[in-house]
Structures are given as C-alpha cells and as structure tokens.
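J.: Would you mind keeping the following structure in view while I ask a few things?
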Amino acid sequence: MAGAAGKAMRQVYGETLVELGKTYPNIVVFDADVANSTRTILFGESYPDRFFDVGIAEMNMAAMAAGISTTGMIPFVNTFACFMVLRCGDPIRSLVAYTKLNVKLAGTYAGLSDSYDGASHHSILDIAFMRALPNMVVLSPADAADMKAATEAAVQYKGPVYLRIHRNECPDIPENDTQPFTLGKGKVLRDGRDITLIATGYMVHRAMEAALKLQQQGISARVVNIHTIKPLDTNLLRDCAKETGGIVVAEEHSIHGGLGGAVAEAIGRLYPVPIEFVGVRDTFAESGDYQALLEKYGLTSQHIVKAAEEVLKKKGAKG
Amino acid sequence: MLDHTRINLPHSSISVWLDRSQNTAGGTMGLTKERKAVLEGLCKQFRRTLLDTLYSVQTGHPGGSLSATEIITTLYFEVMKVDPKNPSWEDRDRFVLAKGHAAPMLYIALAEKGFFPKEELKTLRQLNSRLQGHPCALKTPGVELSTGPLGLGLSAALGMGLGARIQGKQFHTYVLLGDGEIQEGIVWEAAMAGAKYGIDNVVAILDKNGVQLDGPVDQIMPLGDVRAKWNSFGWNTLEVNGHKVEEIYDAIQEAHRVKGKPTIIIAHTVKGKGVSFMEGKHAWHGKPISKAEYEAAIKELEGGR
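First to last, the protein sequences are chains A and B.
Sequence positions in the first sequence follow numbering that gives the first Met the number 0 and run 0 to 318.
Sequence positions in the second sequence follow numbering that gives the first Met the number 0 and run 0 to 304.
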C-alpha cells in the first residue's frame, strides 16, 4: 500500500539534475521561463554556465537543444508538458526524433496536476504524441524514487527521451521503490490471478488502492507499473493477459492514444483478453482542486474498481 | 561591407555596396584571382549538375538551389574545414541548410568534396537513396542537421555554436536561411537568443532571392527592412551580392572578426540564377523540368551566362 506523501516529482527531478550535473559535465539545461516551476532553477544556481533560460520561446528552446546535442552535450529541455508537445512539437519530431538526437525532454505538470490553471495547462495528450514518434523513449515515473531513477536512466540512454513529470507531491509506493528501475521493463508491484491493473504515473498509486478494495471483494488483482510507455514491455503484458485473463489500464491522460492505446495494441495482437480504460474520457477538464478533478474526471481507485468489475463480467461471459 | 549601419537600397542598385574592390578595409586579404576563378568554375559546374540531376529524376527544387550556389560553394570550397573521410570529426566547421529544399545543391557540393560518390546524385529522392528530398543527417554523410520544415535551422545552429563555446572548441557554424523562411516566428525567437548569448561563432546567411513558393515575398508576406530588423535584434549585419564569391568570402571573414554578437550576411540573390527562364519565377520553386527546358537551360549555362 502507498506510503506517506513523498516529494513532488518535479522537486526530485530538479535535485537529480543537480547531482547528475556533477558527474556529467556535458549536461546542459534549457528552460523557457518556468524554471521555478520545473525546478531546473536548482541546476541554474549550481551550474550557471550550463543553464539557458531562453524566455517564452519553447520552439526555439527545443531546436537549440537539438543543435547543441550534435556537439556532444546532453541537453535537458524543460517546460510544461502541454507546451512540450504543442509548442516544441515540430523540432521534437523534425530534429530530435527524426535524427535520434541525444535530447531529453522533460514535460512537467503532466496530466491534470496543474489543476487550478485549467484545461489550457493540463496535459492529457502528450503520451499520444510522444509515443507516435519513431525513436522516442517515453518515461512516466510513478513516484519520487521512480522519478530519480528515470532521470538517471534518461542520461544513461543515448537518444531522445521524454520524461513525464507530475507537479504535486505524490505518495511513495514502497512496493515500487524496492524494485530496480530498468528502462523498458514494467514492475509487478503486487501479484494477482483474476485481473491485471496496469497503470502509469500517479495512477499507479491509485491502482494499488484499487487492488486492496478488490481484495476485500475476494478478487485477486495484479498491479503493474509501466514506467516506460515506449518501448513497451510487451512480454510482461502478454504474460499478464495470459495469466489473469483481463486488464484495466489506468492513466492520467486521455483514454485515446495513451498507455491504454499502447496496451490494447499489444494485447490485441499478442493475447486478446477483455480490457477497460480509466482515463480522461475525450473531454477537456477544468480548473479546480487536484483531487476533486481526479474524482470528477474518473481517475480514482473507485473508478479502477468499477472498470475491473466490468472486465470480470466480460471475462465471465467469455469463459 | 564594414559599414554596419543600415543601407536601404532598392534591389536593382545592389552593386553600389557590392563593389568590394573599393572597400577592403579591415585587413581582408580577399580571394586571389586564382581562387575566385576556381570557385566560379565550380559554381558553373554545379549548376550544370543540378540541371542534369533534377531533369533526370523529374522532381526537386531548382529555384532555391540556383540562388544558393555561390554561397554553398564558397563555404565548402573556400571557408569551411571539413573532412570527407571523417564526417563526424568533432572540430569540423558545421553547415546547416535551414532552407532544406535547396538540398540538391548541398548534395552536389558534398559529392564534389568526396563525402559520397557523385554517381549517387542520380538517386536523389528515389527509394532506398541516401539523398532524401530534404536533408537527413542520419542518412547522408556530411549533412549536419535534418531540415525541411522551415525555421528550425537557425535555432539549431545557435545550439551548435553554444556547444562549441562551452567546450572551448574553435569551429564555426554557418547556417543558410531563405527569405521566405524568415517569416517563421521561431526565426525571431532565435534572433533574440543569438543576441542574448552573444553567439559569435555562428554566421547566418540569408539567401534573399525575393521569391517564395506562392509568389514574390513582397506580395505574400513583406519582410520590411530586413537589415534594420536584424540590427535591432542585436545582430551584426552585412550585405553582399550573393552571386559574387569574393564578396561572400570577404563578408564571412568580416563576420569572423566581429565578437560578442552573431552575424547575418544578407545575400542579395536571384531565384533560379543562371537559367533565364527560371530567374525570379516562383513557379520554379519546385517543378519538373521538361526536355526542351533542360536543353535550353544547359545551352545557357554552357554559354557561360
């Protein structure tokens, strides 16, 4: 079960960058006037010569990073996730992904986590865009420990990486943090026989809660943290489909094109079983308290439980 | 050339500031007669090769390749330090063809340099070729950056310049922009960043041929006083006749001397230069060449026009 509220992912990210800056003198950090929010301000204070706040010009930021990467530097590009996709999208596709440049794209305030700023600042289509790009690695950590490991993995990997970063304090998940983070490999946080709950980001914690509730109903739910959405751990997904016969995917993203889509594509091909999706249901959300938004837009453990019950019904009918 | 103040002259009178022989202050050695002749010979040869190539594949952009011929030739054959045997040599000078549709002329120059066999030019834009319709840095030896979607090249070049500075490297980065291209907003984002960080190891060259795909730049989206704009953004600005190799060369040398800010060389050019029926015609931005047109063009080029 989830532990106490941990550090905010963005804070962990900012601190990890500072640490990495010591061992990697070739890391440079770009920000577009949101350094205090992305926490790259910490890197800027530690390494002012390797920090570039390029102002409110995200597209230029991403293209400059692409250029500097060709000289052997490892640039981290930082802005809100929604702007990373929509403002930096062209250089990300045309330079970074197309040419497999060693650029790290850190999209913070992902999902609904920038809740009060409203739908204009929410990011519920970034996974869809990033995973549609050839050559892009898509990382979506679940808690503070994952965040640190994902940032380190991004540096060790040579090529384009998108890091999906949550704004707020997230509960630490002990079952997650005792397992190593391996790029491209999902983590089974809890074993189960009847159904698999596959989640990413903040929703991993929610899936753990849902598994407990299902247990009270006598349902044994496996929980998998997919922190690497691309490349997807399809072997693990196939095994889960085979062994539990039903899947629920939960993500803080549109139900279209995100992890749910990725899992459905894999399962449909490898081992089709009933599947349900917990995510934002093809709508723009609104301003409000973060937890209230998750409640209203269908992203609670209770929504995962309901989805699981649907899958189990279909599974029963099928069997 | 050394006068950084605004010179606002009509296109037709460009020769006023183009007469380099009257202005060699600042210690510019300039091109020798011999080198000038060599470069001009290469330009003639490259135009011919361009026509051969585009005629044979029946696709590609002649207009913007012809306006950029002298600029690309001067860079690769007089200015830049590159090693075709070791394209990723880390101290090499970089060239970014921001106006990626002029890829054919870049490929011709790279082939002549020896980055890949000249015979490969006939595979331009064809299946399984290393020569993509727009430059791809992964596929083509010598191509530094994938370009095509306009506007990204200047920003990327500034990134290369920053990378050189941080690592204490001496190489220069040259980036060739189209004048239609600078209608893209990102170019002006880059203009601000270049000035803020004083990236003086980057030299931008504007191929100001006055014509874009849909028509004359002045009609489609007027650029106003381009030199004044770059000056006001904090750049060092120079103007040359973009078809005179000696002027291009001198301007680049001058750009190297200016420290603390990036330079843009505004090169006045003619779209389709060298083939009279293509000159200044937006229809020739990208259009297949017929047999009769090909023969007429070759005749003109052979005539040494």
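C-beta: ideal position from N, C-alpha, C; glycine also.
In whole angstroms, what separates the C-alpha of VAL216 (chain B) from that of MET79 (chain B)?
T.: As a working note, residue 216 (chain B) is residue 217 in the second sequence. As a working note, residue 79 (chain B) is residue 80 in the second sequence. For VAL216 (chain B) and MET79 (chain B), the distance between alpha carbons rounds to 30 Å.
J.: What does ILE67 (chain A) touch in chain B if you count any residue whose Cβ is under 7 Å from its own?
T.: Along the first sequence, one-based indexing puts residue 67 (chain A) at 68. Simply GLY158, MET159, LEU161 and GLY162.
J.: Along chain B, in chain order, which residues have C-beta atoms closer than 8 Å to that of LEU94 (chain A)?
T.: The residue given as residue 94 (chain A) occupies position 95 in the first sequence. Ordered by position in chain B, the residues that pass the 8 Å Cβ test against LEU94 (chain A) are LEU144, SER145, LEU151 and ALA155.
J.: Taking all protein chains shown into account, do 16 or more other C-beta atoms lie within 10 angstroms of the C-beta of ILE55 (chain A), making it buried, or fewer, making it exposed?
T.: Residue mapping note: residue 55 (chain A) aligns to position 56 of the first sequence, counting from 1. With fewer than 16 other Cβ atoms within 10 Å, it is exposed.
J.: When the Cα atoms are used, what is the spatial distance from LYS260 (chain B) to ARG163 (chain A)?
T.: One-based indexing of the second sequence puts residue 260 (chain B) at position 261. One-based indexing of the first sequence puts residue 163 (chain A) at position 164. Using only the alpha carbons, I get a separation of about 36 Å.
J.: Under 7 Å between C-beta atoms, does GLU180 (chain B) make it to chain A?
T.: By 1-based counting over the second sequence, the position of residue 180 (chain B) is 181. Closer than 7 Å: no.
J.: For chain A, is any of its Cβ atoms less than 7 Å away from the one on LEU222 (chain B)?
T.: Residue 222 (chain B) sits at position 223 when you count from the first residue of the second sequence. Not an interface residue.
J.: On the DSSP bridge assignment, give the partners of TYR161 (chain A) in chain order.
T.: Sequence index remark: in the first sequence, residue 161 (chain A) carries index 162 (1-based). A:LEU104 and A:VAL137.
J.: What does GLU188 (chain B) touch in chain A if you count any residue whose Cβ is under 7 Å from its own?
T.: By 1-based counting over the second sequence, the position of residue 188 (chain B) is 189. Those are ALA56, MET58 and ASN59, listed as they occur along chain A.
J.: What are the boundary residues of the alpha helix (DSSP H) that HIS255 (chain B) is part of?
T.: The sequence position of residue 255 (chain B) within the second sequence is 256, counting from 1. Counting along the chain, the alpha helix (DSSP H) containing HIS255 (chain B) begins and ends at 244-256.
J.: If you check the beta carbons only, do LEU38 (chain B) and VAL244 (chain B) fall under 7 Å apart?
T.: For the purposes of this step, residue 38 (chain B) is taken as the residue at position 39 of the second sequence. For the purposes of this step, residue 244 (chain B) is taken as the residue at position 245 of the second sequence. Their beta carbons are under 7 Å apart, which means LEU38 (chain B) touches VAL244 (chain B) by this criterion.
J.: Which of helix, strand or coil does DSSP assign to ARG166 (chain A)?
T.: Taking the first sequence and counting its residues from 1, one reaches residue 166 (chain A) at position 167. Reduced to three states, the DSSP call for ARG166 (chain A) is coil.
J.: For the stretch 79-129 of chain B, list the alpha helix (DSSP H) runs that are entirely contained and at least 4 residues long, ordered along the chain.
T.: Counting whole runs of 4 or more residues, the stretch 79-129 of chain B contains the alpha helix (DSSP H) stretches 102-112.
J.: Consult DSSP for GLY278 (chain A) and reduce its assignment to one of helix, strand or coil.
T.: Position 279 of the first sequence, counted from the first residue, corresponds to residue 278 (chain A). GLY278 (chain A): strand per DSSP, three-state reduction.
J.: Helix, strand or coil for VAL142 (chain B)? Go by DSSP, reduced to three states.
T.: Taking the second sequence and counting its residues from 1, one reaches residue 142 (chain B) at position 143. Here VAL142 (chain B) sits in coil by DSSP.
J.: Go through its chain and collect everything with a Cβ distance to VAL203 (chain A)'s Cβ below 6 Å, but skip five positions before and after it.
T.: The residue labelled residue 203 (chain A) in the question sits at position 204 within the first sequence. So the qualifying residues of the chain are ALA141 and ASN224.
J.: For TRP88 (chain B), which residues in the same chain have their Cβ closer than 7 Å to its Cβ, ignoring the five residues on either side in sequence?
T.: If you number the second sequence from 1, residue 88 (chain B) lands on position 89. ASP82, listed in sequence order.
J.: Please decide whether LEU130 (chain B) counts as near chain A, where near means a Cβ-Cβ distance under 7 Å.
T.: What you label residue 130 (chain B) is simply residue 131 of the second sequence in a count that begins at 1. No, because no Cβ of chain A sits closer than 7 Å to the Cβ of LEU130 (chain B).
J.: Looking at chain A, which residues of the stretch 101-117 of chain B have a Cβ within less than 7 Å of any of its Cβ atoms?
T.: The stretch 101-117 of chain B vs chain A, Cβ under 7 Å: nothing.
J.: Straight-line CA distance for GLU168 (chain A) to SER36 (chain A)?
T.: To locate residue 168 (chain A), count along the first sequence from 1; it is residue 169. To locate residue 36 (chain A), count along the first sequence from 1; it is residue 37. Approximately 13 Å, taken between the alpha carbons.
J.: Mind reading off the beta-carbon distance from THR236 (chain B) to ILE204 (chain B)? Whole number of angstroms is fine, and I expect it under 8 Å.
T.: As a working mapping, residue 236 (chain B) is identified with position 237 in the second sequence. As a working mapping, residue 204 (chain B) is identified with position 205 in the second sequence. Not a contact, Cβ separation roughly 11 Å.
J.: Would you mind working out which of A:ARG205, A:VAL33 and A:LEU85 sits nearest LEU298 (chain A), comparing C-alpha positions?
T.: Position 299 of the first sequence, counting from 1, holds the residue named residue 298 (chain A). Comparing Cα positions, the closest option is A:ARG205.
J.: Could you spell out the range, first to last residue, of the beta strand (DSSP E) harbouring THR236 (chain B)?
T.: Your numbering for residue 236 (chain B) matches position 237 in the second sequence. From DSSP, the beta strand (DSSP E) with THR236 (chain B) extends over 235-240.
J.: In the DSSP output, which residue or residues are listed as bridge partners for LEU196 (chain A)?
T.: Walking along the first sequence from the start, residue 196 (chain A) turns up at place 197. BP columns for LEU196 (chain A) point to A:VAL222 and A:VAL247.
J.: Do ASN59 (chain A) and ALA192 (chain B) have their C-beta atoms within less than 7 Å of each other?
T.: As a first step, residue 59 (chain A) must be located in the first sequence, where it is residue number 60. As a first step, residue 192 (chain B) must be located in the second sequence, where it is residue number 193. Yes.
J.: Report the residue ranges of all alpha helix (DSSP H) runs contained in full by the stretch 181-210 of chain B; include only those spanning at least 4 residues, in chain order.
T.: Taking only runs of at least 4 residues, the alpha helix (DSSP H) segments lying wholly in the stretch 181-210 of chain B are 184-195.
J.: How about ALA102 (chain B) and PRO134 (chain B): do their beta carbons lie closer than 7 Å?
T.: Along the second sequence, read from residue 1 onward, the residue named residue 102 (chain B) stands at position 103. Along the second sequence, read from residue 1 onward, the residue named residue 134 (chain B) stands at position 135. Result yes, Cβ atoms of ALA102 (chain B) and PRO134 (chain B) sit closer than 7 Å.
J.: Three or more beta-carbon pairs under 8 Å between the stretch 64-78 of chain B and the stretch 171-182 of chain B, yes or no?
T.: Yes, they touch.
J.: Identify whether PHE76 (chain B) lies in helix, strand or coil by the three-state DSSP scheme.
T.: The residue labelled residue 76 (chain B) in the question sits at position 77 within the second sequence. In the structure shown, PHE76 (chain B) sits in a helix (DSSP, three-state: H, G or I).
J.: Are any of the Cβ atoms in chain B nearer than 7 Å to that of ASP89 (chain A)?
T.: If you number the first sequence from 1, residue 89 (chain A) lands on position 90. Chain B contact via Cβ: present.
J.: Name the chain A residues whose beta carbon is nearer than 9 Å to that of VAL86 (chain B)?
T.: Locating residue 86 (chain B) in the second sequence gives position 87, counting from the first residue. Reading off the sequence, residue 86 (chain B) comes out as Pro, not Val. By Cβ distance, chain A contributes nothing, its closest Cβ being about 12 Å from PRO86 (chain B), past 9 Å.
J.: Going straight from the alpha carbon of GLY162 (chain B) to that of THR70 (chain A), what length do you get?
T.: For the purposes of this step, residue 162 (chain B) is taken as residue 163 along the second sequence, with counting starting at 1. For the purposes of this step, residue 70 (chain A) is taken as residue 71 along the first sequence, with counting starting at 1. Approximately 6 Å between the Cα atoms of the pair.
J.: Take the Cβ of PHE29 (chain A) as the centre, count every other Cβ of all protein chains shown within 10 Å, and call the residue buried at 16 or more, exposed below.
T.: Taking the first sequence and counting its residues from 1, one reaches residue 29 (chain A) at position 30. Buried, by the Cβ-count rule.
J.: In terms of DSSP beta bridges, what is LYS270 (chain B) paired with?
T.: Here residue 270 (chain B) refers to the residue found at position 271 when the second sequence is read from its first residue. LYS270 (chain B) is not bridged to any residue.
J.: Once DSSP output is grouped into helix, strand and coil, what is the label at ARG5 (chain B)?
T.: Position 6 of the second sequence, counted from the start, is the residue given in the question as residue 5 (chain B). Any answer about ARG5 (chain B) is weak, because its pLDDT of 37 lies below 50 and its placement is not dependable; what the coordinates show is given next. ARG5 (chain B): coil per DSSP, three-state reduction.
J.: Pull up the distance between the alpha-carbon of THR15 (chain A) and that of TYR115 (chain A), whole angstroms please.
T.: Counting from one through the first sequence, the residue named residue 15 (chain A) turns up at place 16. Counting from one through the first sequence, the residue named residue 115 (chain A) turns up at place 116. THR15 (chain A) and TYR115 (chain A): Cα-Cα distance of roughly 27 Å.
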